[in-house]
Structure formats: structure tokens, C-alpha cells
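Numbering (my numbering), first residue to last: 10 to 152.
Here is the structure we will look at, set down as C-alpha cells.
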Amino acid sequence: MKIRRREIPVEIPTASMADVAFLLIIFFLVASFYSVTRGIQFSLPKHDEAALTSEPEAAVLIEIASDRSLTVDSRPMALADLQGYIGPKLQRNPTKSVILQTALDAPYQAMTDVFDELRQVGVRNLVIPTSTELEMYGLRQLK
10 MKIRRREIPV EIPTASMADV AFLLIIFFLV ASFYSVTRGI QFSLPKHDEA ALTSEPEAAV
70 LIEIASDRSL TVDSRPMALA DLQGYIGPKL QRNPTKSVIL QTALDAPYQA MTDVFDELRQ
130 VGVRNLVIPT STELEMYGLR QLK
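If you want it as C-alpha cells, here you go:
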């Protein structure tokens, strides 16, 4: 004689799974707050063909070499002299553009120092050209 066993239905406990999912959500929410970094606040413009047709000779060209040396309008210049050079130009034309071109291996701190000087003078139109814009304006890529 066969004894029949009562079959117990197989069931996955979902109560503890909901607890684990809730804890994972809380973990990622808390972890995402720590990953926020603050950097230099500036907005990048959208690609605009009309902006590319402005006169390149009307802008001030600042070049930062890999050794942190500055060249402003093809003349070597110290960082401390930058405000004295650009200030009078901005008084004559407050919307004057400043083109900032850096060498590929220039340190970021050199660019940040120039940003700070330009902010103190009150530069409103700062251009950081792409390689396409460099070719269009006939500028060379710094090495």
C-alpha cells in the first residue's frame, strides 16, 4: 500500500525580497549624494553657424603653452599683466571676445588661473575653440 504524501506548494518568500530592494534603493540614494562634484560653473553654447562668422581679428587670443607660459595676441605676457592688457580693451568694447587656446598637455591649473583673471576683469564672451573652429579661423593647434 502506497502512502500518499501531502505536497507542499513551492513558494518564494517575497516579503524579505521587498526589504532587500528597499534597502538597495536607500543605499543608492545615499551614495549618489556623495558623488556630486562641484567644478567651474560655466555654460557651453550650442553650435551656431552665425557665431562662427564673427571677425577673428576683433578677439583677443590667449594661448597657454604646456610650460604654463602665456602668449596674448602673439606677445609673451605674464599672468599678472593679463588684467592690465584686457581691461582697457573691454572698456572700449564690453562685448569683446576672448579666445582661450591651450596646448593639449597644458596643466588644468594654468587654464583655471587664466579663467580667474578673466572673471576679475569682467570678460563676458569667452571662446574655447574646438579643432574645427581652429581650422576655420586658421589657428594652429598648440603642442
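Note that CB positions come from ideal geometry on N, CA and C, so glycine has one too.
Exercise. When the Cα atoms are used, what is the spatial distance from residue 147 to residue 38?
Worked result: On the sequence shown, position 138 is the one that residue 147 refers to. On the sequence shown, position 29 is the one that residue 38 refers to. C-alpha separation (whole angstroms): 49 Å.
Problem set entry | Where residue 13 sits in the DSSP three-state scheme | For the purposes of this step, residue 13 is taken as the residue at position 4 of the sequence shown. Residue 13 falls in the coil class under three-state DSSP.
Exercise. Should residue 72 be labelled buried (16 or more other beta-carbon atoms within 10 Å of its own) or exposed?
Worked result: Locating residue 72 in the sequence shown gives position 63, counting from the first residue. Residue 72 is buried by the Cβ-count criterion.
Exercise. What residue does the alpha helix (DSSP H) around residue 121 start on, and which one ends it?
Worked result: Working through the sequence shown from its first residue, we reach residue 121 at position 112. Looking at the DSSP string, the run of the alpha helix (DSSP H) that includes residue 121 is 117–130.
Problem set entry | 8 Å contact criterion, which residue 132 and residue 95 should meet: CB distance rounded | Mapped onto the sequence shown, residue 132 falls at position 123. Mapped onto the sequence shown, residue 95 falls at position 86. Sure, about 7 Å apart at Cβ, within 8 Å.
Exercise. CB-CB under 6 Å to residue 77, same chain, minus the five flanking residues each way: which ones, in chain order?
Worked result: One-based indexing of the sequence shown puts residue 77 at position 68. Excluding sequence positions up to five before and after residue 77, its CB lies within less than 6 Å of the CB of 119, all in the same chain and listed in chain order.
Exercise. Residue 107 by DSSP, collapsed to three states: which one?
Worked result: Position 98 of the sequence shown, counting from 1, holds the residue named residue 107. Three-state result, residue 107: strand.
For this session: Measure from the alpha carbon of residue 88 to the alpha carbon of each residue in 16, 99, 127 and 137, then state which is nearest.
Result: Here residue 88 corresponds to residue number 79 of the sequence shown, with the count starting at 1. When only C-alpha atoms are compared, the closest one is 127.
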